[in-house]
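Trainee: In full-length UniProt numbering, the protein residues as written are 1 to 485.
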């Protein structure tokens, strides 16, 4: 009979496992009536006490010599789905409630926590007020129509009729009119910024996009910020750059970073030279911390760079009205970002391709002003995609209303909405057909120049960790056709 049994342990604090050396008599005693059966099985929850001792064997520097053992939560090893052998990410996604037990996933969750803590410190140090905008809204901020509609379930105590559930029947709506899960908190942040100054939030966001790609989820976390009395787009981009540099500076050298870099380096050394999945995390992080300010180019300059690319570089030919495809963004990030792998700001996109609330470039008297572009930006990172976007907002009432009308968006007349200086309850709920009356109101009474941005937290974390898909960056991912747990 063996004198000792070696047990591999994980407590979620490290990517590396810990080895415990358990005397045979302790195992027998803990087995109770089932002497002879191993009381510790794959997946068991245990309490151990012992001495942390240098290990004579290879593979670990120390090991735990156990003096007391308790099986706090037994596990049926025959049915436990998480096995010691390699299991594919696709299989593990079918077990989101158990997947966090995988050491890599615990490391990713700890890293996520560290980054969120860094973001909180960054904004607190700059006197930004953290806010909690609503998740149920009356409008589609992005205007793409990819929204989830909020409905109440049928009452168990009453029956429904065709008339009662008709979309045109006010009684069928819990909120008297259609409401949606938010696609962005930006519009509400603009309202809060008028009273609080600079504000930010980290909130769930929802998109009903039928996109089956590694970059899209139906529910994800978005960091959004709004700055009051900012006059230039450069001020917004400066904040984004400072924020991401802060995150990289604080977390570089931490345990999750060290473990992830070591794991990525090991995978890269084992990969073939042409393996595109091999990620150099240290280069990515060094790019975020590069000494020089990150490059900033206009959309027009980006198209010129793309047009100079060798023939056959792109599947889709770049064109002014088409926007930038993922392949274009990656090319720009690689070429403009250079060997330092610096992120790249692309600014002043065509007005027709952007949201109605963005400020036209000519409104700020820019030297290269063009009514065909707006003061906005996307932030591109090498080997990945766009991870942030922002703009100056149209703060002038007449110009905002004119843009909305030009795009066919309903804008109720002021005299119909404001009688004796009051907003009627019915008017407020109907929203003139798009629920944006209140947003227009912000321009009627003391709206200063302002701008803001959004950063997809899950995409940012994927870039920083080398995880190839946001589905493996989120503990309980939801995407088109899948919402487990």
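Positions of the beta carbon are idealized from the N, C-alpha and C atoms, including for glycine.
1) What does DSSP give as the partner residue(s) for residue 436 in the beta ladder?
2) Under a three-way DSSP split, which group does residue 83 fall into?
3) Count the other CB atoms, across all protein chains shown, that sit within 10 Å of the CB of residue 572; report buried if there are 16 or more and exposed otherwise.
4) Could you have a look at residue 409 and say whether DSSP puts it in helix, strand or coil?
5) By alpha-carbon positions, which one of 249, 472, 50, 361 ends up nearest to residue 291?
6) Figure out for me which residue from 19, 479, 472 has the closest Cα to the Cα of residue 460.
7) Short check: CB of residue 443 to CB of residue 407, under 8 Å?
8) Quick one: what does DSSP say residue 151 is sitting in, helix, strand or coil?
9) Quick one: is residue 437 buried, meaning 16 or more other Cβ sit within 10 Å of its Cβ, or exposed?
10) From residue 135 to residue 218, what distance separates their C-alpha atoms?
11) Report yes if the C-beta distance between residue 92 and residue 15 is below 8 Å; otherwise report no.
12) Look at the alpha carbon of residue 221 and the alpha carbon of residue 306, and state the distance between them as a whole number of angstroms.
13) Give me the Cα-Cα distance between residue 10 and residue 318, rounded to the nearest whole angstrom.
14) Taking all protein chains shown into account, do 16 or more other C-beta atoms lie within 10 angstroms of the C-beta of residue 122, making it buried, or fewer, making it exposed?
15) Buried or exposed, going by whether 16 or more other CB atoms sit within 10 Å of the CB of residue 203?
16) Here's the rule: buried if 16 or more other CB atoms are within 10 angstroms of the residue's CB, otherwise exposed. What is residue 342?
17) Count the other CB atoms, across all protein chains shown, that sit within 10 Å of the CB of residue 264; report buried if there are 16 or more and exposed otherwise.
18) If you follow the alpha helix (DSSP H) that residue 310 is part of, which residue opens it and which one closes it?
19) So what's residue 328 in DSSP terms, helix, strand or just coil?
20) Between the segment 14-28 and the segment 251-265, can you find at least three pairs of beta-carbon atoms closer than 8 Å?
21) Using only alpha-carbon positions, find the residue among 350, 87, 385 that is nearest to residue 391.
22) Kindly indicate which three-state DSSP category residue 349 falls into: helix, strand or coil?
23) Leaving out five residues before and five after residue 75 in sequence, what residues of the same chain have Cβ atoms less than 6 Å from its Cβ?
24) Tell me the rounded alpha-carbon separation between residue 367 and residue 188.
25) Here's a check: name, in chain order, each residue in its chain whose Cβ is nearer than 6 Å to the Cβ of residue 68, leaving out the five neighbours to either side.
26) When burial is assigned at 16 or more other CB atoms within 10 Å of the CB, is residue 35 buried or exposed?
27) Taking the continuous alpha helix (DSSP H) assigned at residue 378, which residues delimit it?
28) Tell me the residue span of the beta strand (DSSP E) that contains residue 391.
29) With a threshold of 16 other CB atoms inside 10 Å of the CB of residue 481, please say whether the residue is buried or exposed.
30) Whole angstroms is fine: what's the gap from residue 96's alpha carbon to residue 114's?
31) Can you find at least 3 beta carbon pairs, one from the segment 75-91 and one from the segment 55-64, that sit closer than 8 Å?
32) Using only alpha-carbon positions, find the residue among 241, 132, 299 that is nearest to residue 321.
33) In this structure, does DSSP put residue 483 in helix, strand or coil?
34) Between 323, 476, 400, which has its C-alpha nearest residue 348's C-alpha?
35) If you reduce the DSSP assignment to three classes, tell me which class residue 200 lands in.
36) Which residues mark the beginning and the end of the beta strand (DSSP E) in which residue 443 is found?
Mentor: Taking the geometry as given:
1) Within the chain shown, numbered from 1, the residue matching residue 436 stands at position 436. According to DSSP, residue 436 bridges with nothing at all.
2) Walking along the chain shown from the start, residue 83 turns up at place 83. Residue state, collapsed to three classes: coil.
3) Residue 572 is absent from the structure shown; the chain starts at 1 and stops at 485.
4) Here residue 409 refers to the residue found at position 409 of the chain shown. Looking at residue 409 - three-state DSSP - the assignment turns out to be coil, as it is neither helix nor strand.
5) Here the question's residue 291 lines up with position 291 in the chain shown. For the residues 249, 472, 50, 361, the minimum Cα distance to residue 291 belongs to 249.
6) One-based indexing of the chain shown puts residue 460 at position 460. Residue 460 has its Cα closest to that of 472, out of 19, 479, 472.
7) In the chain shown, residue 443 corresponds to position 443, counting from 1. In the chain shown, residue 407 corresponds to position 407, counting from 1. No; because the gap between Cβ atoms is not below 8 Å, this pair is not in contact.
8) Position 151 of the chain shown, counted from the start, is the residue given in the question as residue 151. The answer is coil: DSSP assigns residue 151 none of H, G, I, E or B.
9) Taking the chain shown and counting its residues from 1, the one referred to as residue 437 is at position 437. Under this definition residue 437 is a buried residue.
10) Stepping through the chain shown from its first residue, residue 135 is reached at position 135. Stepping through the chain shown from its first residue, residue 218 is reached at position 218. So the alpha carbons of these two residues sit roughly 14 Å apart.
11) Position 92 of the chain shown, counted from the first residue, corresponds to residue 92. Position 15 of the chain shown, counted from the first residue, corresponds to residue 15. Contact flag unset, no.
12) Against the chain shown, residue 221 aligns to sequence position 221. Against the chain shown, residue 306 aligns to sequence position 306. Cα to Cα, the separation comes out at about 32 Å.
13) Within the chain shown, residue 10 is the residue found at index 10, counting from 1. Within the chain shown, residue 318 is the residue found at index 318, counting from 1. Those two C-alpha atoms are separated by around 50 Å.
14) As a first step, residue 122 is located in the chain shown; it is residue number 122 there, counting from the start. Buried.
15) Position 203 of the chain shown holds residue 203. Classification for residue 203: buried.
16) Numbered from its first residue, the chain shown carries residue 342 at position 342. Buried: at least 16 other Cβ atoms inside 10 Å.
17) Residue mapping note: residue 264 aligns to position 264 of the chain shown, counting from 1. Buried: at least 16 other Cβ atoms inside 10 Å.
18) As a working note, residue 310 is residue 310 in the chain shown. Where residue 310 is concerned, there is no enclosing alpha helix (DSSP H), given that its DSSP letter is neither H nor E.
19) In the chain shown, residue 328 corresponds to position 328, counting from 1. Note: residue 328 maps to helix in three-state DSSP.
20) yes
21) The residue given as residue 391 occupies position 391 in the chain shown. Per the Cα distances, 350.
22) Along the chain shown, read from residue 1 onward, the residue named residue 349 stands at position 349. In this structure, residue 349 counts as coil in the three-state DSSP scheme.
23) In the chain shown, residue 75 corresponds to position 75, counting from 1. So the list reads 41, 43, 44, once near-sequence residues are dropped.
24) Taking the first residue of the chain shown as position 1, residue 367 is located at position 367. Taking the first residue of the chain shown as position 1, residue 188 is located at position 188. Bear in mind that the predicted position of residue 367 carries a pLDDT of just 44, short of 50, making it unreliable; the figure below should be weighed with that in mind. Each residue's alpha carbon lies about 32 Å from the other.
25) The residue labelled residue 68 in the question sits at position 68 within the chain shown. If we look at residue 68 and ignore the five residues flanking it on each side, its Cβ neighbours are 49.
26) Reading the chain shown from its first residue, position 35 is the one you call residue 35. Because the pLDDT of residue 35 is 46, which lies under 50, any placement of that residue in the model is unreliable, and the number read from its coordinates should be weighed accordingly. With fewer than 16 other Cβ atoms within 10 Å, it is exposed.
27) What you label residue 378 is simply residue 378 of the chain shown in a count that begins at 1. Unbroken run through residue 378 is the beta strand (DSSP E), 376-380; no alpha helix (DSSP H).
28) In the chain shown, the residue the question calls residue 391 occupies position 391. Start and end: 386-392.
29) Residue numbering aside, residue 481 sits at position 481 when the chain shown is read from its first letter. The residue is exposed, with fewer than 16 neighbouring Cβ atoms inside 10 Å.
30) In the chain shown, residue 96 corresponds to position 96, counting from 1. In the chain shown, residue 114 corresponds to position 114, counting from 1. Each residue's Cα considered, the two are about 21 Å apart.
31) no
32) As a working mapping, residue 321 is identified with position 321 in the chain shown. If we check each option's Cα against that of residue 321, 299 comes out closest.
33) Counting from 1 along the chain shown, the entry for residue 483 is found at position 483. In the structure shown, residue 483 sits in a strand (DSSP, three-state: E or B).
34) Your numbering for residue 348 matches position 348 in the chain shown. Checking every option, the nearest Cα to that of residue 348 belongs to 323.
35) To locate residue 200, count along the chain shown from 1; it is residue 200. Looking at residue 200 - three-state DSSP - the assignment turns out to be strand.
36) Here residue 443 refers to the residue found at position 443 of the chain shown. Careful: residue 443 lies outside any beta strand (DSSP E) and carries neither H nor E.
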